[in-house]
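The listed protein sequences correspond, in order, to chains A, B, C and D.
Residue numbering for the first sequence follows my numbering, starting at 1 and increasing by one per position.
Residue numbering for the second sequence follows my numbering, starting at 206 and increasing by one per position.
Residue numbering for the third sequence follows my numbering, starting at 411 and increasing by one per position.
Residue numbering for the fourth sequence follows my numbering, starting at 616 and increasing by one per position.
Beta carbons are placed, not taken as given, at the ideal position from N, Cα and C, and that holds for glycine.
Quantities reported herein were computed from a predicted structural model and do not represent experimental measurements.
Protein chains: 4
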Amino acid sequence: MAQLTRKEQATATREKLLETAKNLFAEMGYHGTPVRAITRQIQKGDGILYHYFPGGKQEIMSVLLRESFEHRVYEIKQLTNETIEHLPMREALLAIMGKINELFLDDLDLMRILFRENDLLDLEEAKQLSVMMSERVESIADFLRRRHAKGEIRTMNFTLAARQLMSMWMQFTYSAIIGIAVVSEPDVVAYLEEMVDFTLSLWQA
Amino acid sequence: MAQLTRKEQATATREKLLETAKNLFAEMGYHGTPVRAITRQIQKGDGILYHYFPGGKQEIMSVLLRESFEHRVYEIKQLTNETIEHLPMREALLAIMGKINELFLDDLDLMRILFRENDLLDLEEAKQLSVMMSERVESIADFLRRRHAKGEIRTMNFTLAARQLMSMWMQFTYSAIIGIAVVSEPDVVAYLEEMVDFTLSLWQA
Amino acid sequence: MAQLTRKEQATATREKLLETAKNLFAEMGYHGTPVRAITRQIQKGDGILYHYFPGGKQEIMSVLLRESFEHRVYEIKQLTNETIEHLPMREALLAIMGKINELFLDDLDLMRILFRENDLLDLEEAKQLSVMMSERVESIADFLRRRHAKGEIRTMNFTLAARQLMSMWMQFTYSAIIGIAVVSEPDVVAYLEEMVDFTLSLWQA
Amino acid sequence: MAQLTRKEQATATREKLLETAKNLFAEMGYHGTPVRAITRQIQKGDGILYHYFPGGKQEIMSVLLRESFEHRVYEIKQLTNETIEHLPMREALLAIMGKINELFLDDLDLMRILFRENDLLDLEEAKQLSVMMSERVESIADFLRRRHAKGEIRTMNFTLAARQLMSMWMQFTYSAIIGIAVVSEPDVVAYLEEMVDFTLSLWQA
DNA sequence: GATGAATGAGATTTCATTCAT
DNA sequence: AATGAATGAAATCTCATTCAT
Chain A
1 MAQLTRKEQA TATREKLLET AKNLFAEMGY HGTPVRAITR QIQKGDGILY HYFPGGKQEI
61 MSVLLRESFE HRVYEIKQLT NETIEHLPMR EALLAIMGKI NELFLDDLDL MRILFRENDL
121 LDLEEAKQLS VMMSERVESI ADFLRRRHAK GEIRTMNFTL AARQLMSMWM QFTYSAIIGI
181 AVVSEPDVVA YLEEMVDFTL SLWQA
Chain B
206 MAQLTRKEQA TATREKLLET AKNLFAEMGY HGTPVRAITR QIQKGDGILY HYFPGGKQEI
266 MSVLLRESFE HRVYEIKQLT NETIEHLPMR EALLAIMGKI NELFLDDLDL MRILFRENDL
326 LDLEEAKQLS VMMSERVESI ADFLRRRHAK GEIRTMNFTL AARQLMSMWM QFTYSAIIGI
386 AVVSEPDVVA YLEEMVDFTL SLWQA
Chain C
411 MAQLTRKEQA TATREKLLET AKNLFAEMGY HGTPVRAITR QIQKGDGILY HYFPGGKQEI
471 MSVLLRESFE HRVYEIKQLT NETIEHLPMR EALLAIMGKI NELFLDDLDL MRILFRENDL
531 LDLEEAKQLS VMMSERVESI ADFLRRRHAK GEIRTMNFTL AARQLMSMWM QFTYSAIIGI
591 AVVSEPDVVA YLEEMVDFTL SLWQA
Chain D
616 MAQLTRKEQA TATREKLLET AKNLFAEMGY HGTPVRAITR QIQKGDGILY HYFPGGKQEI
676 MSVLLRESFE HRVYEIKQLT NETIEHLPMR EALLAIMGKI NELFLDDLDL MRILFRENDL
736 LDLEEAKQLS VMMSERVESI ADFLRRRHAK GEIRTMNFTL AARQLMSMWM QFTYSAIIGI
796 AVVSEPDVVA YLEEMVDFTL SLWQA
């Protein structure tokens, strides 16, 4: 391993703390995770967590959600429709779904924590997530409207249509997060495709 | 208040313990709820819980899920299609959705616990819930097939169609359970109707 | 030892906790005394202190000062001049000083704590003590005025005279409390007598 | 700011450490003051204290008392009676009291520490202080004897007289140190004058 | 049936101190 | 001369559980 400067070491330790806390909180819950479990896993002394997060367990939880969440919100805002505008309908939908999926499942642990402990935090993150989802629905609805103008899909309530698509995806996501499946489909891509194809078949009729 | 027999007293206390534990576990999580919080809320001494549940906190959690869940599973199995067989399509779908909804939201706390603490229990309940949902999907698919035979809806993948309907409903349920909303629809009935109408419009095309 | 009822046992334990805490706080200071030291000394488990004083160390300190102090304030208010009104001057002064002395040195530990940790508490007790002392000075001044009317002592500023007497006593008390002596007089009574005699000799001139 | 040599820098830091420790110990007590609080206040790293005081917190406390105390003892020994020998009685007493007062209140923080933590140190300082006070009393008694020889004051027990004066002063000092006042006199000079005048009036009678 | 005093393991947190840089 | 990352012992406090009454 490359020689690390003092400062790099420090950053690395801080990062390891966050990462480990995330894993453990996701696995055993906030209350179910002793601080010891975190420091022991990174092979450090008991006190180190308080060196980086003077607020202790509470603070590491906050920082965890705050930092990771900010990144997520930022990324999803970047997701412009431009790239998909000229794709065929099917591919465009798959791209949208795939992107959202990637972004969520990418950090399943974080989502798990957000779901599990949504009463611990001040709900700020939960609210943001809600807003984010609604925005996404509207952006898909707009996309559908544009495609409708091109005659690719039939007339219908586009907002509801977008919501329908999102629901089918979310349903799958929740399963992954919570462990309670409605669909026992292990292959994400296959499921997404099947879902999109079916939905599209109805919209095009 | 009427004088209670020794036995009734006992049952009442046991029931209160379960009820209170359910509320608190749902609100603050299993680990986040001290046994004291439960006994104090029913104005009893510390030890009372161990009188009714010798296994302590663990046991009350088990019993809670076991008993409530069994009741739920039993109820949902009863839900036969017979009653809806002769209803018009729209009303039939609304009846199905309404029934499922009622059954779930009826005991939101239990669902919340099941979701939050799905790692605590031996997953047995989670698996059962999954199976239950799949069976429900298939039963709806069958219903759709029969209606298709009558010419009420178009040809399509009926399993996927049923899943689509369920997804839209579940999406709404999850929001209620978890507190992270995608749809900001406060009126359950209105949402269900809107959802069914839209879906039906696609199926009938 | 007589058989104690459950409730008596509880009160006894609570009392022992307060007593032991008082001793230790006086000896090693509030911060210098681990909670463990208290519980270990009364041969009880770690948690017992929190059973009786949910607010922990802080609360036991508060209660300690509050309860003991209230008793002291009450006692000193009882100390009427009636009993001394007909005593000869010398004996009357000795009685007053002796009584105050007794009341203070009676619970030296409490005084020590009050002095040491007067920044910890909200100064309420300190203020009360100040008021108490001022009242005492005025009451002695009144007594001197009455004796002056009888021609037993000369004309002078009676408030200052009373303060002078009190100062000489307090000086002695502080020494006992703090351990820094100005007068190396081990015999309390002898010191009080010497002090009173000297003062009186000046007042009678 | 002028450029400081390495050595001056070092001395300055050492001095700042002592000064800050003194303030904090006086305010929050020895046990109540984390080493961090000291180093942070002088804007230095955690380790700096150990560079100047290898013995750590303990040592800085020792040095603090030793150094400051030595200075105090030295100063009070210097206080000769020569300068006051030819002053009028009243002015002479005021000068003595004023000087002692100045010397004590000059470093109230140190006194406070000495009082608070008199169990921490090996009592050596406390004993020295006691001796110092007794010596002072005797020196005042001698002064009174000389004045008596000149016919300025009456015959009396001069040691007790000196002690009486000292007591009235100390009483005031303790109040300042401890925060528990018996006399609510905000003006030091006025209090000293009043006290001296009253005492003198008795002595001259 | 019910109580609540008591326990003690374990959780969170603090802090004096060390030491590589 | 100075830093601050790291330590780990110890302190405070919580809580599930037991049991004599």
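{"Check": "Output, in chain order, the set of chain D residues within a Cβ distance shorter than 7 Å of Arg526 of chain C.", "Outcome": "Arg731"}
{"Check": "To the nearest angstrom, how far is it from the Cα of Pro616 of chain C to the Cα of Met521 of chain C?", "Outcome": "Outside the shown range of chain C, which is 411 to 615, sits residue 616 of chain C, and nothing can be said about it."}
{"Check": "Give a yes or no on contact between the segment 240-259 of chain B and the segment 33-43 of chain A, applying the rule of three or more CB pairs nearer than 8 Å.", "Outcome": "no"}
{"Check": "Over what stretch of residues does the alpha helix (DSSP H) that includes Asp529 of chain C continue unbroken?", "Outcome": "No alpha helix (DSSP H) holds Asp529 of chain C; DSSP gives it neither H nor E."}
{"Check": "Return the chain-ordered ranges of every alpha helix (DSSP H) run that is complete within the segment 284-365 of chain B and spans a minimum of 4 residues.", "Outcome": "294-310, 313-321, 329-354"}
{"Check": "In this structure, how does DSSP classify Asp187 of chain A when only helix, strand and coil are distinguished?", "Outcome": "coil"}
{"Check": "Exposed or buried, what is Gln409 of chain B when buried is set at 16 or more other beta-carbons lying within 10 Å of its beta-carbon?", "Outcome": "exposed"}
{"Check": "Work out the CA separation of Ala431 of chain C and Ala805 of chain D for me, nearest whole Å.", "Outcome": "42 Å"}
{"Check": "Taking the alpha-carbon of Met712 of chain D as reference, which of D:Ala777, D:Val678, D:Gln624 has the nearest alpha-carbon?", "Outcome": "D:Ala777"}
{"Check": "Would you mind giving the Cβ-Cβ distance between Val393 of chain B and Asn306 of chain B, rounded to the nearest angstrom? I have them listed as a contact below 8 Å.", "Outcome": "7 Å"}
{"Check": "Applying the criterion that 16 or more other CB atoms from any shown protein chain within 10 Å of the CB defines a buried residue, is Thr5 of chain A buried or exposed?", "Outcome": "exposed"}
{"Check": "At the level of alpha carbons, what is the spacing between Met28 of chain A and Tyr667 of chain D?", "Outcome": "47 Å"}
{"Check": "Check this for me: beta carbons of Ile755 of chain D and Leu720 of chain D, under 9 Å apart or not?", "Outcome": "no"}
{"Check": "When you check each C-beta in the segment 778-789 of chain D against every C-beta of chain C, which residues fall closer than 7 Å?", "Outcome": "Arg778, Gln779, Met781, Ser782, Met783, Met785, Gln786, Tyr789"}
{"Check": "Please report the Cβ distance between Leu319 of chain B and Leu298 of chain B, rounded to the nearest whole angstrom; I am assuming they are in contact, meaning their Cβ atoms lie under 8 Å.", "Outcome": "Their Cβ separation, rounded to whole angstroms, is 26 Å, which puts Leu319 of chain B and Leu298 of chain B out of contact at 8 Å."}
{"Check": "Using the C-alpha atoms, what's the distance from Asn228 of chain B back to Met206 of chain B?", "Outcome": "With a pLDDT of only 47 at Met206 of chain B, under 50, the local geometry of the prediction cannot be trusted, and the value read off the model is given with reservation. The alpha-carbon atoms of Met206 of chain B and Asn228 of chain B are separated by roughly 25 Å."}
{"Check": "Is there a Cβ of chain A sitting closer than 9 Å to that of Ser406 of chain B, yes or no?", "Outcome": "yes"}
{"Check": "Hey, is Leu365 of chain B's beta-carbon within less than 9 Å of any beta-carbon in chain A?", "Outcome": "yes"}
{"Check": "Going by C-alpha to C-alpha distance, which of B:Tyr379, B:His291, B:Lys282 sits closest to Val342 of chain B?", "Outcome": "B:Lys282"}
{"Check": "How many angstroms separate the CA atom of Glu275 of chain B from the CA atom of Asp251 of chain B?", "Outcome": "29 Å"}
{"Check": "State buried or exposed for Val811 of chain D, treating a residue as buried only when at least 16 other CB atoms are found within 10 Å of its CB.", "Outcome": "buried"}
{"Check": "Short of 7 Å in beta carbon distance, which residues of its chain neighbour Ile587 of chain C, apart from the five on each side in sequence? Order them along the chain.", "Outcome": "Leu518, Met521, Arg522, Phe525"}
{"Check": "Would you kindly report the start and end of the unbroken alpha helix (DSSP H) that includes Lys16 of chain A?", "Outcome": "6-28"}
{"Check": "Rounded to the nearest angstrom, what separates Phe582 of chain C and Gln786 of chain D at their Cα positions?", "Outcome": "10 Å"}
{"Check": "Could you spell out the range, first to last residue, of the alpha helix (DSSP H) harbouring Gln246 of chain B?", "Outcome": "240-246"}
{"Check": "Leu222 of chain B: buried (16+ other C-beta within 10 angstroms of its C-beta) or exposed?", "Outcome": "buried"}
{"Check": "In chain B, which residues lie with their C-beta within 9 Å of the C-beta of Gly29 of chain A?", "Outcome": "Gly234, Tyr235, His236, Gly237, Arg321, Glu322, Asp324, Leu325"}
{"Check": "If you draw a straight line from the alpha carbon of Met337 of chain B to that of Gln41 of chain A, how long is it in whole angstroms?", "Outcome": "39 Å"}
{"Check": "What residues in the segment 299-316 of chain B have a beta carbon less than 9 Å from any beta carbon of chain A?", "Outcome": "none"}
{"Check": "For His666 of chain D, name the three-state secondary structure that DSSP assigns.", "Outcome": "helix"}
{"Check": "Give the single residue among A:Asn157, A:Leu202, A:His148 whose Cα lies nearest to the Cα of Asn362 of chain B.", "Outcome": "A:Leu202"}
{"Check": "What did DSSP end up calling Ala2 of chain A once you bin it into helix, strand or coil?", "Outcome": "Note that Ala2 of chain A has pLDDT 48, beneath the 50 cutoff, so the model's placement of it is unreliable and the number below is only indicative. Note: Ala2 of chain A maps to coil in three-state DSSP."}
{"Check": "If we cut at 9 Å on Cβ distances, does Lys556 of chain C have a partner in chain D?", "Outcome": "Position check: residue 556 of chain C holds Arg in this sequence, whereas Lys was assumed. Taking Cβ atoms only, chain D never reaches closer than 9 Å to Arg556 of chain C, which makes this a no."}
{"Check": "To the nearest angstrom, how far is it from the Cα of Glu477 of chain C to the Cα of Leu513 of chain C?", "Outcome": "15 Å"}
{"Check": "Just the Cα atoms here: how many angstroms apart are Phe608 of chain C and Thr698 of chain D?", "Outcome": "29 Å"}
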